[in-house]
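As structure tokens, the structure follows; a few thoughts come after it.
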Amino acid sequence: MTTRTIGIIMNGVTGRMGYRQHLVRSILAIRDDGGLLLPDGTRLQVEPILVGRNAAKLEEIATRHGLEHWTTDLDAALADPRWDVFADFAVTSARADALRKAIAAGKAIYTEKPTAETSAEAFELAGLAAAAGVPNGVVHDKLYLPGLRKLRRLIDSGFFGKVLSVRGEFGYWVFEGDWQTAQRPSWNYRKQDGGGIVVDMFPHWNYVLEQLFGRVESVYARAVTHIEERTDEQGSAYEATADDAAYGVFDLAGGITAQINSSWAVRVDRDELVEFQVDGTDGSAVAGLFGCRIQPRTATPKPVWNPDLKDERDYRGQWLEVPDNEEFGNGFRAQWEDFLRDLVAGRPHPYDLLSGARGVALAEAGLRSSAEGRRIDLPELALPTGAEPRLQADSADSADSAVGTEPTDKAARTETVGARA
Ligand SMILES: NC(=O)c1ccc[n+]([C@@H]2O[C@H](COP(=O)([O-])OP(=O)(O)OC[C@H]3O[C@@H](n4cnc5c(N)ncnc54)[C@H](O)[C@@H]3O)[C@@H](O)[C@H]2O)c1
């Protein structure tokens, strides 16, 4: 069976997302399975090069997983034609500069969200990628959650009739770090380091809302810092300068109203850490990370408000669980696979830098709404050019030649990019 290999620069693999979700659960899992099976029956193998600032940590990860390539020299990796894709999972504040360099080097781009710290920068990056013709994708992992995939199934079946409203609850208690260590990195709670729940979560809410229900046309949000002092990884107290909760109302195209509460200062009384309730004329659903339950119009009970009588009804018991009916793998891996398939097929990935920019724009509008105490409209974003994305070596050849074909390419890949030199 023919196997082609695609080289992926993985920037920020020592971090939480970079290591667990993108390296171990996605790229190494695909690699261990012998690559990705393509529609023509051939396989696309993946070869990562780990990039970061700390040589010792990179070497340790490379050794632990039997990986050949790592480097602290991002520029050298970007200049090396063996690497086709630049993937970024480093801190948000370092992202725009890295993406600009990678686009200039002609690499295909795959990146965590938010794609930049400001919508102007995020939009600029989307424009640069389009003008350079580089394929690009942005992590839209929530769309790949089993619960939201079942919700998508319900929408596609016409289950809801007319969708009226969406209510989302996201959050959990993030420890302050003093008497119990915090379960999230401290930069998340410092605005000056790119932290804040609006910046973190509104990009997710933007693609969830627009992909499932309709474009976000305006937002009203209240962003607050409930816990004002936290303790960092070194045990030092620091001022939490970023918002740790946001209460948002989003007006969607088609007249749907969405409300989403996001909080790192809430204790969980839900079945899952995120849940969306969707109410429609013909039925309602509550979707979480994994589960999704429904109540059709025809099975809707008739509660009667009576404060004089204790209500013995089991409201939760009146819902029906949507079955899986398929196997849902890791969502980050599933999107990587979609991205790679789009890449080798030479078609745009639907969740691109422009979609990422819309997410950043929503976060920015949410913070502005909170600061100004008013609703903010979101204009439609469009790129000036419609340049077709292509891989860097594509200019003269087909997409297939941009990724190597064994055995010649494999031989080339057995050399390091000077990583250990
Ligand atoms: N899709 C999701 O659900 C999701 C969830 C959490 C975080 N994220 C995003 O992933 C990214 C990383 O978040 P994380 O939680 O893994 O953070 P983390 O702090 O665990 O990891 C950050 C990584 O960036 C590196 N880094 C730090 N400062 C840097 C700098 N100045 N230049 C280059 N690299 C630097 C660190 O060494 C580390 O490898 C963020 O952009 C965040 O918004 C996405």
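Counting in numbering that gives the first Met the number 0, the sequence shown runs from 0 upward without gaps. Don't be surprised by glycine CBs; every beta carbon is placed ideally from N, CA and C. No experiment lies behind these values; they were computed from the predicted model shown.
The alpha helix (DSSP H) runs lying completely inside the stretch 105 to 192 and spanning 4 residues or more are 118 to 131 and 145 to 156, given in chain order. Cβ neighbours of Y237 within its own chain (closer than 8 Å, five residues either side excluded): S185, Y188, R189, E228, R229, T230 and D231. Its Cα nearest to that of H139, the residue K112 stands out among E67, D281, K112 and D199. Taking R99 as reference, the option from F122, I154 and L382 with the minimal CA-CA separation is F122. In the displayed model, W69 falls within a strand according to three-state DSSP.
Burial check for H203: the Cβ neighbour count within 10 Å reaches 16 or more, so the residue is buried.
The continuous stretches of alpha helix (DSSP H) do not include F275, which lies in the beta strand (DSSP E) extending over residues V273 to G279.
Note that the C-beta distance between G330 and N205 is not below 9 Å. A Cβ-Cβ separation of about 5 Å places F289 in contact with P145 under the 8 Å criterion.
Between ligand 1 and R189, a heavy atom-to-CB distance of less than 8 Å is absent. Exclusion of the five residues before and after F338 leaves Y109, G136 and H348 as the residues of its chain whose Cβ lies within less than 7 Å of its Cβ. F85 and K106 have their C-alpha atoms spaced approximately 6 Å apart.
By the Cβ test, the stretch 65 to 74 is in contact with the stretch 36 to 52, since at least three Cβ pairs between them sit closer than 8 Å. Ligand 1 has a heavy atom closer than 8 Å to the beta-carbon of A89. Taken in chain order, the complete alpha helix (DSSP H) segments of 4 residues or longer contained in the stretch 286 to 357 are 330 to 344. Taking a contact as a CB-CB distance under 8 Å, the pair V277 and V165 counts as one, their CB atoms being some 5 Å apart. With contact defined as three or more Cβ pairs closer than 8 Å, the stretch 151 to 166 and the stretch 298 to 312 are not in contact.
Here the alpha carbons of G316 and A89 stand approximately 44 Å from one another. Comparing alpha-carbon positions, the option among R30, A93 and A333 lying closest to L142 turns out to be A333.
For ligand 1, a non-hydrogen atom lies closer than 8 Å to the CB of A97.
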